[in-house]
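J.: Take this structure, written in structure tokens, and hold onto it; I'll ask about it next.
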Amino acid sequence: MGYSGDGVTCTLIPPPPLVISEVLYDSAGTDTAVDNVLFIELAGPAGTSLAGVTLQGVNASIGNKITLSGTIPANGYAVVVHSKALPGLAALASFTHDNVDFQNGNAAGDPETDAIQLLFNGTVIDAVGYGLGLANSAGEGAAAPDAKDSNQSISRDANNTDTNNNAADFFLSSQPSPGGPPCNGACTWCVVPSVESICTDAVDNDCDGLADSADTVDCP
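Written as structure tokens, this is what we have:
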């Protein structure tokens, strides 16, 4: 929340209607290498102001922070990528930042999950916790599914449903869709190479321009 006033009266500024809609936090290789595929996607009404909006990682304590600006693009999604992102991913980005390098999810038995929080004027308005830690205190509800070293993302559904329970609101996506709604295996385009191939479908999971069913390298 924020306040705006002229010294006599104060007006409560409501938080913008934004959610963290998709995150790829752990790539198949070195996370911050050249051509990495790390990203965070925000969803909200087109034109929503991002003034006062920040992202921060939490791993027992506050970690990487990113300050945003401008507005949500016309398609309703703002994508934040690492400064060394894969060119196809960078082309979809609204922002690039070296701090798009969040924790990779705590191990089973650790006291806490890792989390990414969305803030407005310093107040958390959305959060996603992930990993196998025992408590999800920096996220919402129970933790989202764990995506480890696979170029998988964690994603909300096409309606960006937000029940304030990360376990219910996020699913593992083997075909990340930065800058758009989730693919659910139905997209025939590819931005983030996936380690999975389904040899009977028309999806290009490894971004080589060939549908898996016609790719003799992935599906001999």
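Counting from 242, one number per residue, gives the positions in the sequence shown under this note's numbering.
Cβ coordinates follow ideal geometry from the N, Cα and C atoms, glycine included.
1. Give the secondary structure of residue 391 by DSSP, where H, G and I count as helix, E and B as strand, and everything else as coil.
2. So, for residue 319: in the same chain, excluding its five sequence neighbours on each side, which residues have a beta-carbon less than 6 Å away from its beta-carbon?
3. For residue 282, list the residues DSSP reports as bridge partners.
4. Our contact map puts residue 277 next to residue 323 with C-beta atoms below 8 Å; I'd like the distance itself, whole angstroms only.
5. Enumerate, from N- to C-terminal direction, the unbroken alpha helix (DSSP H) stretches of 4 or more residues contained entirely within the region 356–425.
6. Just confirm the distance between the C-beta atoms of residue 386 and residue 413, as a whole number of angstroms; I'd bet it's less than 8 Å.
7. Contact defined as beta carbons within less than 8 Å: I believe residue 296 pairs with residue 395. What is the distance between those atoms, to the nearest angstrom?
8. Buried or exposed: where does residue 262 fall if 16 or more other Cβ atoms within 10 Å of its Cβ makes it buried?
9. Counting C-beta neighbours from all protein chains within 10 Å, is the total for residue 316 16 or more, i.e. buried, or is it exposed?
10. Please classify residue 268 as buried or exposed, where buried requires at least 16 other C-beta atoms within 10 Å of its C-beta.
11. My guess is that residue 406 and residue 379 are in contact by the Cβ rule of under 8 Å, so how many angstroms apart are they, rounded?
12. Could you tell me if residue 275 is buried or exposed, where buried requires 16 or more neighbouring beta carbons within 10 angstroms of its beta carbon?
13. Measure the CB-CB distance between residue 329 and residue 354 and report whether it falls below 8 Å.
14. Taking 6 Å as the limit between beta carbons, can you name the residues of its chain near residue 417, skipping five residues before and five after?
15. For residue 269, which residues does DSSP report across the bridge?
16. Among the residues of its own chain, which have a CB less than 6 Å from the CB of residue 259, if the five just before and after it don't count?
17. What separation, rounded to the nearest whole angstrom, lies between the Cα atoms of residue 290 and residue 452?
18. Please classify residue 309 as buried or exposed, where buried requires at least 16 neighbouring CB atoms within 10 angstroms.
19. Compute the Euclidean distance between the alpha carbons of residue 457 and residue 423, then round it to the nearest angstrom.
20. Per DSSP, which residues does residue 307 bridge with? Please list them.
21. In chain order, what residues of the same chain have a beta carbon less than 8 Å from the beta carbon of residue 442, not counting five sequence neighbours either side?
22. Roughly how many angstroms separate the alpha carbons of residue 306 and residue 298, rounded to a whole number?
23. Residue 312 bridges to which residues according to DSSP?
T.: Looking at the atomic coordinates:
1. coil
2. 283, 313 and 335
3. 263 and 320
4. 5 Å
5. 407–410
6. 5 Å
7. Actually they are not in contact, since the Cβ atoms of residue 296 and residue 395 sit about 15 Å apart, beyond 8 Å.
8. buried
9. exposed
10. buried
11. The Cβ separation is near 14 Å, so there is no contact.
12. exposed
13. no
14. 265, 394 and 433
15. None; residue 269 has no bridge partner.
16. 283 and 285
17. 39 Å
18. buried
19. 27 Å
20. 296
21. 426, 452, 453 and 454
22. 7 Å
23. 290
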